[in-house]
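Below: the structure, in structure tokens.
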Amino acid sequence: MNQPMRLRTACLFAGWMRLLLAVFLPGNVAFSQSPDAAPATLRVSGEVAKPLSLTLEALEKLNKTELKAKDKDGKEHRYTGVAFADLLREAGVTTGAALRGKNLAKYVLVEAADGYQAVFALPELDPEFAREVVLVAYQADGKPLPAGEGPIRLVVPADKKHARWVREVAAIKVLFARE
Ligand SMILES: Nc1nc2c(c(=O)[nH]1)N[C@H]1C(S)=C(S)[C@@H](COP(=O)(O)O)O[C@H]1N2
Ligand SMILES: [Mo]
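Read in full-length UniProt numbering, the sequence shown has 101 at position 101, and its numbers run on one by one without any break.
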């Protein structure tokens, strides 16, 4: 093969591989960034009346919550985002007065772009149960979260450890634990 021919073959191959990846890697990579694809989205699915696929722009239009919390190194920051409960309400999840009976066996699985996962029970996220907000944050100290941390991360001020401060949140799944 001559030089230009080899280049064209390589480009074609790369193109097909990207298509394959796009087809076989759904869901979990929803908020990972690819240069020229559609804008990254946060997906909310499962036991929801209204599944969501929110771009950062759409997330920023939801009811805004700000809070101060200390990061893993003990440094205080002002975080901006959407209260997890507000996001769940937007998706039509059983919150508030509807969070009773069998709905108490529902939980939320938060998935990150790197495959990291963490679970919350619905009452942990509901203001009628929990004393503190869990924040789906997109800014720290007025600035967008840097790559590797954002575009969105969880801020969980009630937790003593930071393990559930999930970075690079890609998908939120509401699931049923009932047997
Ligand atoms: N996506 C993702 N989020 C994650 C983790 C991870 O490995 N991947 N580690 C967790 C742990 S164990 C801690 S202590 C905090 C640390 O947050 P920081 O790196 O912003 O200080 O992130 C949490 N969020
Ligand atoms: Mo950690």
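Built from N, CA and C at the ideal position, the CB exists for glycine as well.
To the nearest angstrom, report how far apart Y116 and K173 are at their CA atoms.
Computed Cα separation, rounded: 14 Å.
**Item:** Backbone secondary structure at P26 - three-state DSSP
**Value:** Confidence in P26 is poor, its pLDDT being 46 and thus under 50, which makes the residue's placement unreliable; the coordinate value appears in the next sentence. In the structure shown, P26 sits in coil (DSSP, three-state: anything other than H, G, I, E or B).
| query | Along the chain, where does the alpha helix (DSSP H) that runs through T66 open and close? | reply | The residue asked about is misnamed: residue 66 is Glu in this sequence, not Thr. Counted as a single uninterrupted DSSP element, the stretch harbouring E66 is not any alpha helix (DSSP H) but the beta strand (DSSP E) occupying residues 65-70.
Is it buried or exposed for E179, if we count other Cβ within 10 angstroms and need 16 for buried?
Residue environment analysis places E179 among the exposed positions, since fewer than 16 neighbouring C-beta atoms fall within 10 angstroms of its C-beta.
Under a three-way DSSP split, which group does P35 fall into? Unreliable placement is indicated for P35, whose pLDDT of 47 sits below 50; the coordinate value is still reported in the next sentence. P35 falls in the coil class under three-state DSSP.
| query | When the Cα atoms are used, what is the spatial distance from Q139 to L67? | reply | Answer to the nearest angstrom: the Cα atoms are 11 Å apart.
Measuring only the C-alpha atoms, how far is E60 from F129? Those two C-alpha atoms are separated by around 25 Å.
Q. Starting from R43 and walking both ways along the beta strand (DSSP E), at which residues does that stretch end?
A. Membership of R43 in the beta strand (DSSP E) is indicated by the continuous run 41-46.
Notebook entry, point to check: So G52 is in the beta strand (DSSP E); what residue range does that whole segment cover?
Noted result: In the sequence under discussion, the amino acid at residue 52 is Leu, which differs from the Gly named in the question. First-last of the beta strand (DSSP E) with L52: 52-55.
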